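Chemist: One structure, pasted below without further comment.
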Amino acid sequence: MDLKTIKENLTFPIKAPQYRVGVDGFMSYANSSLTHDGRLRCPCVKCVNNKLLNPDDVNYHLLQYGIMRNYSTWGFHGESRRFLYPKSLEKWILKSIGHKWRDYKCLLKGKGYDDDTDINTLYDNCPDDDVEYDQWVSLVNFWRSEEGQRRSNRSKESLEKAKVKPIHTTGTKSHARVREEMKRSSNKSPTRTQVYLKCHQHESEADITNQIKNVVTEQGDQELDLDDDPVSKELGKDKYGRVRGLGLGVKPSDIGDPSYPQFCNGLNMSTDNEAAIIHYFRRLEGVVQKLRNRVKRQGITIRKVKRKLQDHDISLLDESESNADLVSSDSDLGEEHDNQ
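Residue numbers for the sequence shown follow this note's numbering, so the first one is 1125 and each next one is one higher.
Laid out in structure tokens, this is it:
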């Protein structure tokens, strides 16, 4: 049985015979990943690869609790993890590829394109070692089109309007890594201004960085309001959904310490920890449902007690009315006796 068929069988319900066949296939496949003491990581929804058990217990857990639904690449059980990456990095990877692709097109345009050159001559300038001829023709046609000209002019205008062209001086070290190192050394998250000054120490930016430092000296460093911190005051407000000076893919919501528990930090680390968080939240959902049922039962009890109290008050009211009738009748009899 091939690996794809085994994984397809494990998508069936636990009681289905196909699922049991899938468990047998998984156990046969995972025998190659046993530890030196003969144990195996358990991928059930209860253990989520956090526990090392003997194979019999792993087999029992899979049949009793089921396998993790998002455990599609068996990295802990012998399957190659070469291309396995945390889910939280997907957007960053796509943005990084997009940036590199745009930079590469700019490089090609600088090498073989000129607005004043005849288009047929440009077709012949195709860099044979890098680009296929038909793709080069498509690029040249786009650069000569109205949309291509409009984008080019807009980019040139944006470059001219830019107050400074940031040049970071951290080499191959990313802004995120610098920020994490600063956080570890000071035991607190650095502000955007601190990271910017740390990463931009090029002499061409000396005027800007000195102005930012002067703003910090005068008003301090605003940690929460990115639209009013020293970097924004000198370089202008950030575009919607972006944060200047902290690297690719950083959003305003990423700045500052998160308000959720530290245990939830695993959501930004790996898919395995994400599975543990999901299992943890499912347990919390069960607890919340039990509390809701308890509140519902208490509400029913309270309504019953209210009805009993109302019935009791009505009986007391009837008794008081009857006593009042007796008193009035006695007073009437007394008046008749006096008249006689």
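Note that beta-carbon positions come from the ideal geometry of N, C-alpha and C, so glycine has one too. Just so it is clear, the structure is predicted and the values come from calculations on it, not from any experiment.
1) Taking only the alpha-carbon atoms, compute the straight-line gap between I1138 and Q1413 and give it to the nearest angstrom.
2) For H1223 and L1359, which I take to be in contact (beta-carbon distance under 8 Å), what is that distance rounded to the nearest angstrom?
3) Determine the closest residue to R1193 out of H1201, P1179, E1203, V1172, with distance taken between C-alpha atoms.
4) Roughly how many angstroms separate the alpha carbons of D1435 and R1427, rounded to a whole number?
5) Please report the straight-line C-alpha distance between N1244 and R1274, rounded to a whole angstrom.
6) Helix, strand or coil, according to DSSP, for R1226 in the structure here?
7) Counting along the chain, where does the alpha helix (DSSP H) carrying N1338 start and finish?
8) Between which two residues does the alpha helix (DSSP H) containing C1323 stretch?
9) Alpha carbon to alpha carbon, what distance is there between G1202 and T1159?
10) Considering G1146, what are the terminal residues of the alpha helix (DSSP H) in which it resides?
11) What did DSSP end up calling L1231 once you bin it into helix, strand or coil?
12) Check R1163 in the structure and name its three-state DSSP category.
13) Check each candidate in G1162, E1271, T1296, K1170 and name the one with the smallest Cα separation from D1180.
14) Assign G1134 to one of two classes, buried (16 or more other C-beta atoms within 10 Å of its C-beta) or exposed (fewer than that).
15) Do you know how far the Cα of Y1189 is from the Cα of A1140?
16) Three-state secondary structure (DSSP) at I1191?
17) If we call anything under 8 Å between Cβ atoms a contact, is C1323 one with T1293?
18) Check for me: the alpha helix (DSSP H) holding M1306 runs from which residue to which?
19) Between R1421 and L1415, what straight-line distance do the alpha-carbon atoms span, to the nearest angstrom?
20) Find the nearest neighbour of S1262 within the set D1254, Y1247, D1253, judged by alpha-carbon distance.
21) Taking DSSP's pairing of strands, which residues face K1168 in a bridge?
22) Where V1302 and V1340 are concerned, what is the direct C-alpha to C-alpha distance, given to the nearest angstrom?
23) Between which residues of its own chain and K1430 is the CB-CB distance below 8 Å, once the five residues before and five after are set aside?
24) If you run the structure through DSSP and keep just helix, strand and coil, what is L1158?
25) Which first and last residues belong to the alpha helix (DSSP H) in which L1134 is found?
26) Looking at the structure shown, is L1176 part of a helix, part of a strand, or coil, going by DSSP?
27) Rounded to the nearest angstrom, how far is the Cβ of R1144 from that of L1187, given a contact under 8 Å?
28) What are the boundary residues of the alpha helix (DSSP H) that includes K1361?
29) Would you decide whether Y1320 is buried or exposed? Buried here means 16 or more other CB atoms lie within 10 Å of its CB.
30) Pop quiz: K1233 and W1260 are said to be a contact at Cβ under 8 Å. What is the actual Cβ separation, rounded to whole angstroms?
31) With respect to the alpha helix (DSSP H) encompassing N1249, which residues constitute its N-terminal and C-terminal limits?
Modeler: Short version:
1) Within the sequence shown, residue 1138 is the residue found at index 14, counting from 1. Within the sequence shown, residue 1413 is the residue found at index 289, counting from 1. Each residue's Cα considered, the two are about 24 Å apart.
2) Taking the sequence shown and counting its residues from 1, the one referred to as residue 1223 is at position 99. Taking the sequence shown and counting its residues from 1, the one referred to as residue 1359 is at position 235. With 8 Å as the limit, H1223 and L1359 do not qualify as a contact, their Cβ atoms being about 20 Å apart.
3) Counted from its first residue, the sequence shown places residue 1193 at position 69. Of the listed residues, the one whose Cα sits closest to R1193 is V1172.
4) Within the sequence shown, residue 1435 is the residue found at index 311, counting from 1. Within the sequence shown, residue 1427 is the residue found at index 303, counting from 1. Their Cα atoms are separated by approximately 12 Å.
5) The residue you call residue 1244 lines up with position 120 of the sequence shown. The residue you call residue 1274 lines up with position 150 of the sequence shown. Whole-angstrom Cα-Cα distance: 22 Å.
6) In the sequence shown, residue 1226 corresponds to position 102, counting from 1. Here R1226 sits in helix by DSSP.
7) Looking up residue 1338 in the sequence shown gives position 214. Where N1338 is concerned, the enclosing alpha helix (DSSP H) stretches over 1330 to 1343.
8) Looking up residue 1323 in the sequence shown gives position 199. Taken as a continuous stretch (DSSP letters only), the alpha helix (DSSP H) holding C1323 covers 1316 to 1323.
9) Here residue 1159 refers to the residue found at position 35 when the sequence shown is read from its first residue. Here residue 1202 refers to the residue found at position 78 when the sequence shown is read from its first residue. T1159 and G1202: Cα-Cα distance of roughly 12 Å.
10) Your numbering for residue 1146 matches position 22 in the sequence shown. Residues 1141 to 1154.
11) Here residue 1231 is taken as the residue at index 107 of the sequence shown, counted from 1. Note: L1231 maps to helix in three-state DSSP.
12) Start at 1 with the first residue of the sequence shown, and residue 1163 comes out as number 39. Here R1163 sits in coil by DSSP.
13) Position 56 of the sequence shown, counted from the first residue, corresponds to residue 1180. It is G1162 whose Cα lies nearest to the Cα of D1180.
14) For this step, residue 1134 is matched to residue 10 along the sequence shown. Strictly speaking, residue 1134 in this sequence is Leu, with Gly absent from that position. Buried: at least 16 other Cβ atoms inside 10 Å.
15) Here the question's residue 1140 lines up with position 16 in the sequence shown. Here the question's residue 1189 lines up with position 65 in the sequence shown. Between A1140 and Y1189, the C-alpha separation is close to 13 Å.
16) Residue 1191 sits at position 67 when you count from the first residue of the sequence shown. Strand, per DSSP.
17) On the sequence shown, residue 1323 is found 199 positions in, with the first residue counted as 1. On the sequence shown, residue 1293 is found 169 positions in, with the first residue counted as 1. In contact: C1323 and T1293 (Cβ atoms closer than 8 Å).
18) If you number the sequence shown from 1, residue 1306 lands on position 182. Where M1306 is concerned, the enclosing alpha helix (DSSP H) stretches over 1299 to 1310.
19) Taking the first residue of the sequence shown as position 1, residue 1421 is located at position 297. Taking the first residue of the sequence shown as position 1, residue 1415 is located at position 291. Near 10 Å, if we compare the C-alpha coordinates of L1415 and R1421.
20) In the sequence shown, the residue the question calls residue 1262 occupies position 138. Looking at the Cα atoms, Y1247 is the closest of the given residues.
21) As a first step, residue 1168 must be located in the sequence shown, where it is residue number 44. For the sequence presented, residue 1168 should be read as Cys rather than Lys. Per the DSSP secondary-structure output, C1168 pairs in a beta bridge with I1191.
22) Locating residue 1302 in the sequence shown gives position 178, where the first residue counts as 1. Locating residue 1340 in the sequence shown gives position 216, where the first residue counts as 1. Near 20 Å, if we compare the C-alpha coordinates of V1340 and V1302.
23) Counted from its first residue, the sequence shown places residue 1430 at position 306. Within the same chain, K1430 has no close Cβ partners at all.
24) The residue labelled residue 1158 in the question sits at position 34 within the sequence shown. Looking at L1158 - three-state DSSP - the assignment turns out to be coil, as it is neither helix nor strand.
25) Within the sequence shown, the letter at position 10 stands for residue 1134. No alpha helix (DSSP H) holds L1134; DSSP gives it neither H nor E.
26) As a first step, residue 1176 is located in the sequence shown; it is residue number 52 there, counting from the start. DSSP places L1176 in strand when its eight states are reduced to three.
27) The residue labelled residue 1144 in the question sits at position 20 within the sequence shown. The residue labelled residue 1187 in the question sits at position 63 within the sequence shown. About 7 Å separates the two Cβ atoms, so the contact holds.
28) Locating residue 1361 in the sequence shown gives position 237, where the first residue counts as 1. Counting along the chain, K1361 falls outside any alpha helix (DSSP H), and DSSP gives it neither H nor E.
29) In the sequence shown, residue 1320 corresponds to position 196, counting from 1. When all chains shown are included, Y1320 counts as buried.
30) If you number the sequence shown from 1, residue 1233 lands on position 109. If you number the sequence shown from 1, residue 1260 lands on position 136. Not really, about 11 Å apart at Cβ, beyond 8 Å.
31) For the purposes of this step, residue 1249 is taken as the residue at position 125 of the sequence shown. Unbroken run through N1249: none, as it is neither H nor E.
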